[in-house]
Amino acid sequence: MSRDKDTKTVYVCRLCGQTSAKWLGRCPGCGEWHTLVDEPVDTLVRKGRSLLSASQSAPLPLLEVSTDVDEARIFIGMNEMDRVLGGGLVPGSLVLLAGEPGIGKSTLLLQILCHLASNQKKILYVSGEESLAQIRMRSERLGKIPESLWVACESELDRIIEIVKEQSPSVLAVDSIQTMFCGEILSAPGSVAQVREATARLMQLAKSKGIPTILVGHVTKEGAIAGPRVLEHLVDTVLYFEGDRSHTFRLLRTVKNRYGPTHEIGVFEMTEAGLKQVPNPSEVFLGQRPKAVPGSVIVPCMEGTRPILVEIQALVSPSHLAMPRRTSTGIDSSRLALLIAVAERHLGVALFDRDIFINVVGGLKISEPASELAVIMAMVSSLRDVPLNMDTAVFGEVGLTGEVRAVGRTELRLNEAARLGLKRCIIPQAGSHRLKFSDSLEILPVKRIDEAVAAMSKVS
Ligand SMILES: Nc1ncnc2c1ncn2[C@@H]1O[C@H](COP(=O)(O)OP(=O)(O)OP(=O)(O)O)[C@@H](O)[C@H]1O
Ligand SMILES: [Mg+2]
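What follows is the structure, encoded as structure tokens:
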């Protein structure tokens, strides 16, 4: 009974860390359902203290602060990875590599560490999930094992800190943060309090010793364990490793970076020998494109600073349902509903009795408005059974009144289309006269979606 009095509980959201005095079905912070779990209040008090102690340093004039971050960056030697990090690992930085279970986080981490270790740097890989033999087996599959790669199976944080102090590695990797635990916290490994405390301590270690640290974090769709989202504000860089399990492509996306740009992506392909870098994603994504078929349109999308040509496919067929199906993969479904409404109103096409399926080939997810014109053209092409010419790319944002709006980085998109041998491009007219683009590409500027569809029938 007295124990209950000592350890009062508070309810904490597993996803965003919001606390509440009583249990609620829906988290008031992030709006997710059934994410609040009870935790002893004692752990929360300690957590607050240890976070504060991480930033104890004497104040000094800003002018006197040295900015040698870029010179000291540790180059990994994997282009896709270095670009995503903004040019390599920054000493003392904490990088979170998050992704769904089984997507390939440990594989990517091991490959990064092998690259780093091959430059004679001592690297320490601490795993709380796999045995040493498992790690050895995976690394044999990946290739040559460098001598300076050290491994340890440990999940107790105090012991890990001791090992790091003994070994003083150049880079530390911890797989995964959800398996780590601090003895003095009462809750189980993987709970919000444990995950936060473990990250805060590793952060302190990284900053005080200047050791770049890579943490692996799991995200589950249901948020069944403490999602790395609660850690996003603690760490310096957040990388999401994502992809469709049925495809071999994997994307590494920067969600946050205190030392470089965000929204950069790295493209990898999962093979038996590990993850292979894909330096030319456009070529791969367009590789299996069927020859001029109705419903297929190419759009040059920007992923960070890089343009990637992506194929959007539409299938529009008569529906036998009272509520026709609208399914989209890789494109937001509410945006699809909006584009269908715009097409019906401004192109005079009847889509209300059609099933519509949209797919972005290769498992990519496109959030850019520049793809909107391509979606409309793919739908019209499928509806009318008229293929768009194979050598034509399309991009532009579509407004509610049927106008085609300008999008950024037009030249980069056109260059990529020209590089891959396309012949023409339908683009927004706004700003097209200012283009400094003198390549073999024929440019077809359009103001409205009906002009774009008319241009499509001219070039098909
Ligand atoms: N022999 C193999 N050949 C080809 N691909 C393999 C092989 N073994 C594993 N894989 C791929 O590696 C993936 C698992 O990789 P990995 O263990 O790195 O994922 P993870 O994200 O770390 O998973 P977890 O969440 O369980 O830690 C598998 O889903 C599979 O696609
Ligand atoms: Mg793993």
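Take the sequence shown: its letter number 136 is residue 147 in the numbering used here, and every next letter is one higher.
Yeah, the Cβ is synthetic: ideal placement off N, Cα and C, and Gly gets one too.
Quantities reported herein were computed from a predicted structural model and do not represent experimental measurements.
Open item on the list: Does the structure place the stretch 363-373 close enough to the stretch 323-340 that three or more beta carbon pairs sit under 8 Å?
Closed with: yes
Task: For Val106 and Thr248, believed in contact at Cβ under 8 Å, the rounded distance - done: Here the question's residue 248 lines up with position 237 in the sequence shown. Here the question's residue 106 lines up with position 95 in the sequence shown. The pair is a contact, with the Cβ atoms about 4 Å apart (cut-off 8 Å).
Task: Per-residue burial, Glu283 [other beta carbons within 10 Å of its own, 16 or more giving buried] - done: By 1-based counting over the sequence shown, the position of residue 283 is 272. With fewer than 16 other Cβ atoms within 10 Å, it is exposed.
Task: Exposed unless 16 or more other CB atoms sit within 10 angstroms - verdict on Val464 - done: Working through the sequence shown from its first residue, we reach residue 464 at position 453. By the 10 Å Cβ count, Val464 comes out buried.
TODO: In the DSSP assignment, find the unbroken alpha helix (DSSP H) run with Phe296 in it and report its ends.
DONE: On the sequence shown, position 285 is the one that residue 296 refers to. 292-297 is the extent of the alpha helix (DSSP H) around Phe296.
- [ ] Pull every residue with its beta-carbon under 6 Å away from any heavy atom of ligand 2, and keep them in chain order.
- [x] Lys116, Ser117, Glu140, Asp186
- [ ] Scan the stretch 308-357 and note each continuous beta strand (DSSP E) run of 3 residues or more that stays entirely inside, going in chain order.
- [x] 317-329, 337-340
- [ ] Report the rounded CA-to-CA distance for Ala235 versus Asp49, giving the unit in angstroms.
- [x] Here residue 235 corresponds to residue number 224 of the sequence shown, with the count starting at 1. Here residue 49 corresponds to residue number 38 of the sequence shown, with the count starting at 1. Caution applies to Ala235, whose pLDDT of 46 falls short of 50 and renders its modelled position unreliable; the model cannot decide the point.
Open item on the list: Assuming contact is defined by CB atoms lying nearer than 7 Å, are His45 and Ile87 in contact in what I supplied?
Closed with: Taking the sequence shown and counting its residues from 1, the one referred to as residue 45 is at position 34. Taking the sequence shown and counting its residues from 1, the one referred to as residue 87 is at position 76. Their beta carbons are not under 7 Å apart, which means His45 does not touch Ile87 by this criterion.
- [ ] Verify the contact flag: Met334, CB atom, against every heavy atom of ligand 1, threshold strictly below 6 Å.
- [x] Within the sequence shown, residue 334 is the residue found at index 323, counting from 1. Flag unset: Cβ of Met334 not near ligand 1.
Task: The alpha helix (DSSP H) enclosing Asn426, as first and last residue numbers - done: Position 415 of the sequence shown, counted from the first residue, corresponds to residue 426. From DSSP, the alpha helix (DSSP H) with Asn426 extends over 421-430.
Open item on the list: Need the endpoints of the beta strand (DSSP E) that Gln288 sits in, please.
Closed with: Translated into the one-based positions of the sequence shown, residue 288 becomes position 277. Unbroken beta strand (DSSP E) run through Gln288: 285-288.
TODO: Out of Leu384, Asp402, Ser451, point me to the one whose CA is closest to Gln440's CA.
DONE: In the sequence shown, counting from the first residue as 1, residue 440 sits at position 429. Cα-wise, what sits closest to Gln440 is Leu384.
Task: Same chain, Cβ closer than 6 Å to Ser31, five either side skipped, listed in chain order - done: Residue 31 sits at position 20 when you count from the first residue of the sequence shown. So the list reads Tyr22, once near-sequence residues are dropped.
TODO: Taking Ala109 as part of the beta strand (DSSP E), name the residues at either end of that continuous run.
DONE: Here residue 109 is taken as the residue at index 98 of the sequence shown, counted from 1. Here the beta strand (DSSP E) through Ala109 covers 105-110.
Open item on the list: Taking DSSP's pairing of strands, which residues face Ser414 in a bridge?
Closed with: On the sequence shown, residue 414 is found 403 positions in, with the first residue counted as 1. The amino acid occupying residue 414 in the given sequence is Glu; Ser does not appear at that position. Arg459.
Open item on the list: Helix, strand or coil for Cys24? Go by DSSP, reduced to three states.
Closed with: Residue 24 sits at position 13 when you count from the first residue of the sequence shown. In this structure, Cys24 counts as strand in the three-state DSSP scheme.
Open item on the list: Let me check understanding here. Comparing Cα to Cα, which of Phe296, Gly285, Val230 lies closest to Lys155?
Closed with: Here residue 155 corresponds to residue number 144 of the sequence shown, with the count starting at 1. It is Gly285.
Open item on the list: Since Leu263 and Gly277 should fall inside the 8 Å C-beta cutoff, what is the C-beta to C-beta distance between them, to a whole number of angstroms?
Closed with: Taking the sequence shown and counting its residues from 1, the one referred to as residue 263 is at position 252. Taking the sequence shown and counting its residues from 1, the one referred to as residue 277 is at position 266. Leu263 to Gly277, Cβ: 4 Å. Contact.
Open item on the list: Just checking Gly113 against ligand 1 - is the residue's beta carbon closer than 6 Å to any of the ligand's heavy atoms?
Closed with: Counted from its first residue, the sequence shown places residue 113 at position 102. The answer is yes for Gly113.
TODO: Alpha carbon to alpha carbon, how far is Ser382 from Glu141? Give it in angstroms, no decimals.
DONE: Translated into the one-based positions of the sequence shown, residue 141 becomes position 130. Translated into the one-based positions of the sequence shown, residue 382 becomes position 371. So the alpha carbons of these two residues sit roughly 42 Å apart.
TODO: Evaluate the contact criterion for the stretch 266-277 versus the stretch 132-147: three or more CB pairs, one atom per stretch, below 8 Å.
DONE: no
Task: Cβ shell of Glu243 (< 8 Å), same chain only, five flanking positions each side left out - done: Here residue 243 refers to the residue found at position 232 of the sequence shown. Only Leu107, Val249, Val266, Lys267 meet the Cβ criterion.
Open item on the list: Between which two residues does the beta strand (DSSP E) holding Asn370 run?
Closed with: By one-based count along the sequence shown, residue 370 stands at place 359. 365-371 is the extent of the beta strand (DSSP E) around Asn370.
- [ ] Indicate the three-state DSSP secondary structure (helix, strand or coil) for Ile171 in the structure shown.
- [x] For the purposes of this step, residue 171 is taken as the residue at position 160 of the sequence shown. If DSSP states are grouped into helix, strand and coil, Ile171 belongs with the helices.
Open item on the list: Considering only DSSP beta bridges, list what Tyr136 is partnered with.
Closed with: Here the question's residue 136 lines up with position 125 in the sequence shown. Bridge partners of Tyr136: Val162, Ala184.
- [ ] With DSSP as the reference, please indicate the residues paired to Leu433 in a beta bridge.
- [x] In the sequence shown, the residue the question calls residue 433 occupies position 422. Leu433 pairs with nothing; no bridge assigned.
Task: Counted within 10 angstroms of its Cβ, other Cβ atoms place Lys33 as buried (16 or more) or exposed - done: Taking the sequence shown and counting its residues from 1, the one referred to as residue 33 is at position 22. That one is exposed.
- [ ] Answer yes or no: do Leu375 and Val321 have a C-beta to C-beta separation smaller than 7 Å?
- [x] Counted from its first residue, the sequence shown places residue 375 at position 364. Counted from its first residue, the sequence shown places residue 321 at position 310. Going by C-beta atoms, Leu375 is nearer than 7 Å to Val321.
TODO: Using 10 angstroms around the beta-carbon of Glu151, count the other beta-carbons present and answer buried if the total reaches 16, otherwise exposed.
DONE: Along the sequence shown, read from residue 1 onward, the residue named residue 151 stands at position 140. Exposed, by the Cβ-count rule.
TODO: Within the same chain, show all residues whose beta-carbon is closer than 8 Å to that of Leu9, passing over the 5 residues directly before and after it, in chain order.
DONE: For residue 9 there is no data in the structure shown, the boundaries of the chain being 12 and 471.
Task: Cβ-Cβ distance between Pro223 and Pro102 below 7 Å - done: Numbered from 1 along the sequence shown, position 212 holds the residue referred to as residue 223. Numbered from 1 along the sequence shown, position 91 holds the residue referred to as residue 102. In this structure, Pro102 lies closer than 7 Å to Pro223 by Cβ.
Open item on the list: Would Glu408 and Arg416 be called neighbours here (beta carbons separated by less than 7 Å)?
Closed with: Against the sequence shown, residue 408 aligns to sequence position 397. Against the sequence shown, residue 416 aligns to sequence position 405. Yes; because the gap between Cβ atoms is below 7 Å, this pair is in contact.
Task: Residue environment, Thr118, which counts as buried when at least 16 other CB atoms sit within 10 Å - done: Taking the first residue of the sequence shown as position 1, residue 118 is located at position 107. Classification of Thr118: buried, given that the 10 Å Cβ count is 16 or more.
Open item on the list: Using the three-state DSSP reduction, which class does Met401 fall into: helix, strand or coil?
Closed with: By one-based count along the sequence shown, residue 401 stands at place 390. Reduced to three states, the DSSP call for Met401 is coil.
Open item on the list: Closer than 6 Å to a non-hydrogen atom of ligand 1 - does that hold for the CB of Met281?
Closed with: By 1-based counting over the sequence shown, the position of residue 281 is 270. At least one heavy atom of ligand 1 is nearer than 6 Å to the Cβ of Met281, so yes.
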